[in-house]
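Counting with the numbering used here, you get residues 2 to 113 for the letters of the sequence shown.
Worksheet for the structure shown next.
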Amino acid sequence: MNTMTACMMGEMNRGKELKVFDWNKAATLIKEKNVKFAAAGLSGDWEYTGGTIFIDGKPDYDDYTYLASTWAAPELKIDGEYIDCYLMQSETDNWDSETKWPQSAIDILNSK
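Structural data, given as structure tokens:
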């Protein structure tokens, strides 16, 4: 998606509630599927928003991601499959685009 289109989509959806990445769902899927690598990004805009969130079997805090939008759905990518992975912001502990591996998700990864 080009910058102009992204700006227009953002403007058209101004004031709507954010869709934010569901870190707990991602942690659950990563654990269930026993994956070593996972990425996350916004549907239709991975080039500018996507990045690694899990590598070598551990959470990745370093790679850039932007995982909140009023119009694009946050997605999890595991083994080449894109999975819708979001909650509305009001359903979270105020997660936003800056949220990365909250304690609740880490607890899921570390559970037996």
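The C-beta atom is built at its ideal place from N, Cα and C for all residues, glycine as well.
From the options, residue whose alpha carbon lies closest to that of residue i
i              : options                        : result
threonine 71   : Asn111, Tyr83, Glu33 and Ser44 : Ser44
glutamate 48   : Tyr62, Glu92, Glu76 and Gln90  : Glu76
lysine 34      : Phe55, Trp96, Gly51 and Gly16  : Phe55
lysine 37      : Ala106, Ser105 and Ile79       : Ile79
isoleucine 109 : Val21, Ser91, Phe22 and Lys32  : Lys32
glycine 51     : Ala74, Met89 and Ile107        : Ala74
Same chain only: Cβ atoms within 6 Å of residue i, ignoring 5 sequence neighbours per side
i              : result
tryptophan 102 : Pro60
alanine 106    : Trp24, Asn25 and Ala28
Cα-Cα separation between residue i and residue j, rounded to whole angstroms
i              : j             : result
threonine 66   : leucine 19    : 16 Å
asparagine 111 : glutamine 104 : 10 Å
serine 98      : glutamine 90  : 10 Å
tyrosine 62    : threonine 93  : 20 Å
alanine 69     : threonine 53  : 16 Å
aspartate 57   : valine 21     : 25 Å
tryptophan 96  : lysine 17     : 15 Å
aspartate 64   : leucine 88    : 22 Å
Residue range of the unbroken alpha helix (DSSP H) whose run includes residue i
i            : result
alanine 106  : 104 to 111
threonine 71 : Looking at the DSSP string, threonine 71 is not in any alpha helix (DSSP H), and its letter there is neither H nor E.
glutamate 33 : 24 to 34
threonine 50 : 47 to 50
Residue i - containing beta strand (DSSP E), residue span
i            : result
glutamate 82 : 82 to 85
Cβ shell of residue i (< 7 Å), same chain only, five flanking positions each side left out
i          : result
alanine 40 : Gly51, Gly52, Thr53, Ile54 and Lys78
Legend entry - Inter-stretch contact at 8 Å, needing at least 3 Cβ pairs: the region 26 to 34 / the region 73 to 85: yes
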